[in-house]
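To start, the structure under review is shown below, and the notes come after it.
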Amino acid sequence: KQEVTQIPAALSVPEGENLVLNCSFTDSAIYNLQWFRQDPGKGLTSLLLIQSSQREQTSGRLNASLDKSSGRSTLYIAASQPGDSATYLCAVRRPSNTGKLIFGQGTTLQVKP
Amino acid sequence: SAVISQKPSRDICQRGTSLTIQCQVDSQVTMMFWYRQQPGQSLTLIATANQGSEATYESGFVIDKFPISRPNLTFSTLTVSNMSPEDSSIYLCSAGALSGNTIYFGEGSWLTVV
Chain A
1 KQEVTQIPAA LSVPEGENLV LNCSFTDSAI YNLQWFRQDP GKGLTSLLLI
51 QSSQREQTSG RLNASLDKSS GRSTLYIAAS QPGDSATYLC AVRRPSNTGK
101 LIFGQGTTLQ VKP
Chain B
1001 SAVISQKPSR DICQRGTSLT IQCQVDSQVT MMFWYRQQPG QSLTLIATAN
1051 QGSEATYESG FVIDKFPISR PNLTFSTLTV SNMSPEDSSI YLCSAGALSG
1101 NTIYFGEGSW LTVV
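Here it is in structure tokens:
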């Protein structure tokens, strides 16, 4: 059974710091991995998607990497800003391509001015 | 990309009543799903909404409690039946294309049962 774990559960940093959020999964047979952002009481915004054959994806100040063999992904946020404060969720998509996602518990990030 | 609209965005419901949540996608998608997010928790898949047929439920979720309809490719409803305080959650609709990659989510419907 696929399990997804995110560490740390919460993180507080001063503005301007570079930071790394971690996601691990127990079964390396995945279709892809997606990182989402969730603001309090809101839905999910897709940030980055990495296919199982890819190593990394970049969007602006965000960079996500994938090491499928070790069951790990990282989300790197450069030059953090208070507007980055949110919960970040990673989710893996099963290889059967049903579209079902298995989510981690999320990392709640606070960037202090 | 796909834009997903959910209604209602928020509601306070009485114990024992039922509420239907609507999900509308702005483009034709192959797959639609319903997730639940209980307070302080991550997302759990309730079911896959199948067009024109019965939804496929995940373990722990049953049709009598969470009836789902999907009459066409872009619209689905989730009903939360006979609500109790334990049903207080955010319910999220998601959608994507079978051959596509990104799965998109709506803004969620935040239900509080009193």
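For the record, the sequence lines run as chains A and B.
Per the working numbering, the first sequence starts with residue 1, numbered consecutively.
Per the working numbering, the second sequence starts with residue 1001, numbered consecutively.
Beta carbons: idealized from backbone N, C-alpha and C, even for Gly.
Given the structure is predicted, the values throughout are model-derived calculations rather than measurements.
Proximity of A:Q105 to chain B, defined by a Cβ-Cβ separation below 8 Å, is satisfied. Taken in chain order, the complete beta strand (DSSP E) segments of 3 residues or longer contained in the stretch 1024–1095 of chain B are 1031–1037, 1043–1049, 1068–1072 and 1075–1080. The Cβ of A:L62 sits no closer than 8 Å to any Cβ of chain B. Between A:Q51 and B:N1101, the gap from beta carbon to beta carbon is short of 8 Å.
Assignment of A:D39 by DSSP, reduced to helix, strand and coil, places it in the coil class.
When Cβ-Cβ separations below 8 Å define contact, B:I1103 makes contact with chain A. Each residue's CA atom was taken as its position, placing A:L89 and A:D67 some 17 Å apart. B:S1018 carries a coil assignment under DSSP once its states are collapsed to helix, strand and coil. Look at B:K1007 here: in three-state DSSP terms it is strand.
Assignment of beta strand (DSSP E) within the stretch 70–106 of chain A, counting only whole runs of 3 or more residues, yields 72–77, 86–93 and 101–103 in chain order. None of the residues of the stretch 54–78 of chain A has a beta carbon lying less than 8 Å from any beta carbon of chain B. At a cut-off of 8 Å between beta carbons, A:K1 makes no contact with chain B.
Per DSSP, A:I7 is one residue of the beta strand (DSSP E) stretching across V4 to I7.
Comparing C-alpha distances from B:W1034 to each of B:S1042, B:G1040, B:Q1028 and B:C1023 shows the shortest one belongs to B:C1023.
Contact with chain A is found for B:G1096, since one of that chain's Cβ atoms lies less than 8 Å from the residue's Cβ.
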